[in-house]
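Asker: Below you will find the structure I want to go over with you.
Numbering (my numbering), first residue to last: 145 to 499.
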């Protein structure tokens, strides 16, 4: 399985039931002026993939009113604001000037760059729009990676939302064990080290790959440590279009399927830091396990649901839902037809930032 790249295009779009249009005025928020030459923009911070404040993965969402225009806030200004928040991601949400639109533009920034897509900013933005603001007519977020359909999660007791994420899953041919000399970041624990050496490297989309390291016990998972050196992509990623981008390490312990859901405990480390909730890594893992099971003569066609609990060891427990739907191509081979990422969030702070 690990030696054969999988052709897994995104297909279609989620079925989204229309919701009543709100009777309120357009979403756009006025720019606030505080004294000569001082302009402020409203922001909200949320903890994502949790319904409990101070758990999950923090996110900042800055609202950019339609009256300001999409280009008045420059890339440099957005980058400075993202650096000031100093969170893993900051979203700039461009408010529409009418309630007739069903798509909202968002820009996603890390502290040093803009990125086309990430899971927890998508879920956090969807929650803010669909649950906190109750804008049921919003059907999609427009990111640099394309439009992402969003919807409230049916029958959710915690106000969860779903997002149909873009995917083009690719299993790279090489493993860490092929590298000579061995990387310095390999674990000192013999069992973890062996798992790292032979773990598959899987891209959910071009430019975003994860080393999926399966461990046997939660005790082993607790021993995982961030690296003191960077996990370089050179020699790991396949050549060509797949040869560049981010590479992270995703450690996991799978559980037994119960009530149609596969439980998984996971940790995500990126260089010297740990991430409390990583929607893209969880999606890559769910896709890989689904295809692996189908390839071994297991469930083919239909969908598989996963509930991934991450961030426990760092005190930021997060719960990530992923549903992977399999289909068939013209040759009758299994392909991933749809990936639905789900989760909830909770508002932590509201305020205004001076620009």
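Glycine residues also receive a C-beta, built at the ideal position from the N, C-alpha and C atoms.
Provide the residue(s) that pair with residue 308 in DSSP beta bridges, ordered along the chain.
Answerer: On the chain shown, position 164 is the one that residue 308 refers to. Bridge partners of residue 308: 484.
Asker: Determine, using beta carbons only, whether residue 288 and residue 336 come nearer to each other than 8 angstroms.
Answerer: Walking along the chain shown from the start, residue 288 turns up at place 144. Walking along the chain shown from the start, residue 336 turns up at place 192. Not in contact: residue 288 and residue 336 (Cβ atoms no closer than 8 angstroms).
Asker: Can you confirm whether the stretch 209-221 touches the stretch 470-484 when touching is taken to mean that 3 or more C-beta pairs between the two stretches lie within less than 8 angstroms?
Answerer: Judged by Cβ distances under 8 angstroms, the stretch 470-484 makes no contact with the stretch 209-221, as fewer than three pairs qualify.
Asker: Look at the alpha carbon of residue 262 and the alpha carbon of residue 483, and state the distance between them as a whole number of angstroms.
Answerer: Counted from its first residue, the chain shown places residue 262 at position 118. Counted from its first residue, the chain shown places residue 483 at position 339. Each residue's Cα considered, the two are about 14 angstroms apart.
Asker: Grab me the residues of residue 227's own chain with a C-beta within less than 7 angstroms of its C-beta, minus the 5 sequence neighbours each way, in chain order.
Answerer: Here the question's residue 227 lines up with position 83 in the chain shown. 255, listed in sequence order.
Asker: Could you name each continuous beta strand (DSSP E) segment of 3 residues or more that falls completely within the stretch 350-386, going from the start of the chain to the end?
Answerer: The qualifying runs are 352-358.
Asker: Please work out which residues of its chain come closer than 8 angstroms, Cβ to Cβ, to residue 350, disregarding the five sequence neighbours upstream and downstream, and give them in chain order.
Answerer: Taking the first residue of the chain shown as position 1, residue 350 is located at position 206. Taken in chain order, the residues that qualify are 312, 314, 385, 386 and 389.
Asker: Nearest to residue 271 by alpha carbon, out of 344, 306 and 353?
Answerer: Taking the chain shown and counting its residues from 1, one reaches residue 271 at position 127. Per the Cα distances, 306.
Asker: Find the nearest neighbour of residue 428 within the set 292, 412 and 260, judged by alpha-carbon distance.
Answerer: Locating residue 428 in the chain shown gives position 284, counting from the first residue. If we check each option's Cα against that of residue 428, 412 comes out closest.
Asker: Is it buried or exposed for residue 463, if we count other Cβ within 10 angstroms and need 16 for buried?
Answerer: For the purposes of this step, residue 463 is taken as the residue at position 319 of the chain shown. Residue 463 comes out buried.
Asker: Grouping DSSP H, G and I as helix and E and B as strand, with all else coil, what is residue 190?
Answerer: Taking the chain shown and counting its residues from 1, the one referred to as residue 190 is at position 46. If DSSP states are grouped into helix, strand and coil, residue 190 belongs with the strands.
Asker: Return the chain-ordered list of same chain residues with a C-beta closer than 6 angstroms to the C-beta of residue 333, the five sequence neighbours on each side being excluded.
Answerer: Taking the first residue of the chain shown as position 1, residue 333 is located at position 189. Here the set comprises 367.
Asker: Can you tell me whether residue 493 is buried or exposed, with buried defined as 16 or more other CB within 10 angstroms of its CB?
Answerer: Taking the chain shown and counting its residues from 1, the one referred to as residue 493 is at position 349. Label assigned to residue 493: exposed.
Asker: Quick one: is residue 426 buried, meaning 16 or more other Cβ sit within 10 Å of its Cβ, or exposed?
Answerer: Along the chain shown, one-based indexing puts residue 426 at 282. Classification for residue 426: buried.
Asker: In angstroms, rounded to a whole number, what distance separates the CA positions of residue 434 and residue 496?
Answerer: The residue given as residue 434 occupies position 290 in the chain shown. The residue given as residue 496 occupies position 352 in the chain shown. Those two C-alpha atoms are separated by around 44 angstroms.
Asker: Would you mind sorting residue 498 into buried or exposed? The rule is 16 or more other CB atoms within 10 Å of its CB.
Answerer: Residue numbering aside, residue 498 sits at position 354 when the chain shown is read from its first letter. Exposed, by the Cβ-count rule.
Asker: Within its chain, find whatever has a CB closer than 7 angstroms to the CB of residue 276; leave out the 5 residues flanking it on each side and keep chain order.
Answerer: Residue 276 sits at position 132 when you count from the first residue of the chain shown. Around residue 276: 491.
Asker: Can you look up residue 240 in the DSSP assignment and give me helix, strand or coil?
Answerer: Start at 1 with the first residue of the chain shown, and residue 240 comes out as number 96. Correct three-state label for residue 240: coil.
Asker: Could you say which of 207, 233, 196 and 331 lies nearest to residue 183 if we only look at CA atoms?
Answerer: Working through the chain shown from its first residue, we reach residue 183 at position 39. That would be 207, whose Cα lies nearest to the Cα of residue 183.
Asker: Along the chain, where does the beta strand (DSSP E) that runs through residue 228 open and close?
Answerer: Within the chain shown, numbered from 1, the residue matching residue 228 stands at position 84. No beta strand (DSSP E) holds residue 228; the alpha helix (DSSP H) holding it covers 219-229.
Asker: With a Cβ-Cβ cutoff of 8 angstroms, do residue 203 and residue 260 count as a contact?
Answerer: To locate residue 203, count along the chain shown from 1; it is residue 59. To locate residue 260, count along the chain shown from 1; it is residue 116. Result no, Cβ atoms of residue 203 and residue 260 do not sit closer than 8 angstroms.
Asker: Assuming residue 471 is part of the beta strand (DSSP E), what are its boundary residues?
Answerer: If you number the chain shown from 1, residue 471 lands on position 327. 462-472 is the extent of the beta strand (DSSP E) around residue 471.
Asker: Whose C-beta lies closer than 7 angstroms to the C-beta of residue 352 among residues of the same chain, with five residues either side of it excluded?
Answerer: In the chain shown, residue 352 corresponds to position 208, counting from 1. Closer than 7 angstroms at Cβ, skipping near neighbours: 389, 390 and 424.
Asker: Could you pull out every residue in the same chain whose Cβ sits closer than 7 angstroms to the Cβ of residue 365, ignoring the five residues on either side in sequence?
Answerer: Taking the chain shown and counting its residues from 1, the one referred to as residue 365 is at position 221. If we look at residue 365 and ignore the five residues flanking it on each side, its Cβ neighbours are 359, 395, 397, 409 and 411.
Asker: Go through its chain and collect everything with a Cβ distance to residue 303's Cβ below 6 angstroms, but skip five positions before and after it.
Answerer: Residue numbering aside, residue 303 sits at position 159 when the chain shown is read from its first letter. So the qualifying residues of the chain are 275 and 488.
Asker: Suppose you measure from the CA of residue 190 to the CA of residue 269; what does that come to, to the nearest Å?
Answerer: Taking the chain shown and counting its residues from 1, the one referred to as residue 190 is at position 46. Taking the chain shown and counting its residues from 1, the one referred to as residue 269 is at position 125. In a straight line, the C-alpha of residue 190 is about 9 angstroms away from that of residue 269.
Asker: Could you confirm whether any beta carbon from chain C is found closer than 8 angstroms to the beta carbon of residue 226?
Answerer: No chain C appears in the structure shown, which is made up of a single protein chain.
Asker: Near residue 417, which residues of its chain fall below 8 angstroms by C-beta distance, leaving aside the five closest residues on each side in sequence?
Answerer: If you number the chain shown from 1, residue 417 lands on position 273. If we look at residue 417 and ignore the five residues flanking it on each side, its Cβ neighbours are 370.
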